[in-house]
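Working notes for the structure below.
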Amino acid sequence: MIRWLCILCIAFISKLGISQSAIDIPIENGNIHVTTYGVGKPILIINGGPGMNSEGFAFLAQELGKTHLAILYDQRGTGQSTISRVNSETMTMDLMVSDIEAIRKYFGFKDWMVLGHSFGGMLASYYLKKHPERLSGLILSGSGGFNLSITRNLNLLSRLSENERDSLDYWNRQISHGDTSYQARYNRGKYLAPAYVYDKKHAPVIAERLTQGNRTINSLIWQNIRAINFDCSEAYKNFEKPVLIIQGKQDVMGDNIAKEAYNLLPNSTLIFMDNCAHYGWLEQPITYFSSINQFLATL
Numbered sequence: 009m010i011r012w013l014c015i016l017c018i019a020f021i022s023k024l025g026i027s028q029s030a031i032d033i034p035i036e037n038g039n040i041h042v043t044t045y046g047v048g049k050p051i052l053i054i055n056g057g058p059g060m061n062s063e064g065f066a067f068l069a070q071e072l073g074k075t076h077l078a079i080l081y082d083q084r085g086t087g088q089s090t091i092s093r094v095n096s097e098t099m100t101m102d103l104m105v106s107d108i109e110a111i112r113k114y115f116g117f118k119d120w121m122v123l124g125h126s127f128g129g130m131l132a133s134y135y136l137k138k139h140p141e142r143l144s145g146l147i148l149s150g151s152g153g154f155n156l157s158i159t160r161n162l163n164l165l166s167r168l169s170e171n172e173r174d175s176l177d178y179w180n181r182q183i184s185h186g187d188t189s190y191q192a193r194y195n196r197g198k199y200l201a202p203a204y205v206y207d208k209k210h211a212p213v214i215a216e217r218l219t220q221g222n223r224t225i226n227s228l229i230w231q232n233i234r235a236i237n238f239d240c241s242e243a244y245k246n247f248e249k250p251v252l253i254i255q256g257k258q259d260v261m262g263d264n265i266a267k268e269a270y271n272l273l274p275n276s277t278l279i280f281m282d283n284c285a286h287y288g289w290l291e292q293p294i295t296y297f298s299s300i301n302q303f304l305a306t307l
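In the numbering used here, the protein residues as written are 9 to 307.
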């Protein structure tokens with residue numbers, strides 16, 4: 009189903025006259041698969057996860073590709089990006105930052121705009137900490153934050169009904185007992201997806217997205233995030249380039265992460281979208297894209 013959706017997306021892009029190309033950029037013991045949309049000033053899109061490919065972000069890249077060169081990539085070990093070994097040595101935040109730099113250097117950009125969504129916002133923040141001079145600006149979309157507060161405060165189960173929690177528990181047990189079938193993964197996603205949406209009509213899209221996660225990579229990256237005591241607050245304070253923080257009022261992330269980021273970043277704008285949870289481009293596309301386009305137009 010996803011493959012057919014991708015084919016339809018490519019046809020749609022062609023009709024709009026938006027150019028698209030795919031490349032593989034070599035890294036040590038693997039490659040990073042990159043797809044670009046449009047032309048113009050570059051904007052890198054970092055998807056959520058960790059351990060998820062970039063397929064669910066194609067629509068976002070297509071929209072931004074109408075005015076910019078939108079760059080979408082599969083994070084190491086996901087999608088069409090390969091790595092010879094998946095372990096605690098190859099799955100680190102520092103290496104994920106080095107992958108981003110490999111993309112930038114391949115294209116020869118002195119600096120670029122970066123948009124990070126969910127975990128992608130955490131990775132974008134860590135990139136800011138390591139290479140602030142390479143950012144012309146930053147967009148934090150439903151970001152997981154700039155420190156470890158998400159590991160203490162995020163409670164997905166609180167957003168689910170009793171039936172959804174029980175069903176999720178059942179399918180988690182099935183998977184932990186070795187059932188890695190699509191049916192098991194989709195049913196797990198089906199009962200977890202409502203935590204991420206305001207309007208449950210969008211839940212099937214998120215359920216499909218949740219089937220794509222690599223649980224081993226997810227676990228290894230979170231292990232590394234804790235090991236490095238992830239904290240970008242000082243980097244935020246010293247970053248004077250423009251930042252857009254955009255998030256749904258009903259996002260499972262809560263509003264503290266966005267508000268604290270806004271207070272730390274000296275040149276930031278904060279936008280909350282009502283009747284919207286974790287995926288602004290699904291639930292409030294007009295507000296989401298108009299806010300981003302207005303922000304980008306000022307740079």
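Heads up, the beta-carbon is just placed ideally off N, CA and C, and yes, glycines get one too.
This structure is a prediction, so every number in the text was calculated from the model and none was measured.
In the three-state reduction of the DSSP assignment, D82 falls in the coil class, being assigned neither a helical nor a strand state. With respect to R234, L136 sits apart: the two C-beta atoms are not nearer than 9 angstroms. The three-state reading of DSSP puts V213 in helix, counting H, G and I together.
CA-CA distance, L252 to Q28, rounds to 26 angstroms. Proximity to E248 across S106, S276, F67, L168 peaks at S276, based on C-alpha coordinates. Between N283 and Q292, the C-beta spacing is below 9 angstroms. Non-local C-beta neighbours of S126 in its own chain, meaning closer than 6 angstroms and more than five positions away in sequence, comprise G56, G150, G152, ordered along the chain. In the DSSP assignment, T159 falls within the alpha helix (DSSP H) that extends over 157-161. Remark: C-beta atoms of G256 and Y287 approach each other more closely than 9 angstroms. The beta carbon of L165 sits closer than 7 angstroms to the beta carbons of R173 from its chain, once the five residues preceding and following it are set aside; these are given in chain order. The residue from M130, P274, Q88 with its alpha-carbon nearest to that of D32 is Q88. Every unbroken stretch of the alpha helix (DSSP H) spanning 4 or more residues and falling wholly within the stretch 159-196 is given here in chain order: 170-184. Where Q231 is concerned, there is no enclosing beta strand (DSSP E), although the alpha helix (DSSP H) around it starts and stops at 223-235.
When rounded, the separation of the alpha-carbon atoms in T44 and L218 is 24 angstroms. For the pair C240 and L148, the Cα-to-Cα distance works out to about 14 angstroms. When secondary structure is reduced to three states using DSSP, P50 falls in the strand class. Here F154 is near L272, since their CB atoms are less than 9 angstroms apart.
Residue environment for A69: buried (at least 16 other C-beta atoms within 10 angstroms of its C-beta).
In this structure, K49 is the residue among E36, K49, G38 with its C-alpha nearest to the C-alpha of T306. Boundaries of the alpha helix (DSSP H) harbouring T295: 293-305, taken from the DSSP string.
Separation of E242 and A266 (C-alpha to C-alpha, rounded to the nearest whole angstrom) is 16 angstroms. In this chain, the alpha helix (DSSP H) harbouring L103 covers 101-115.
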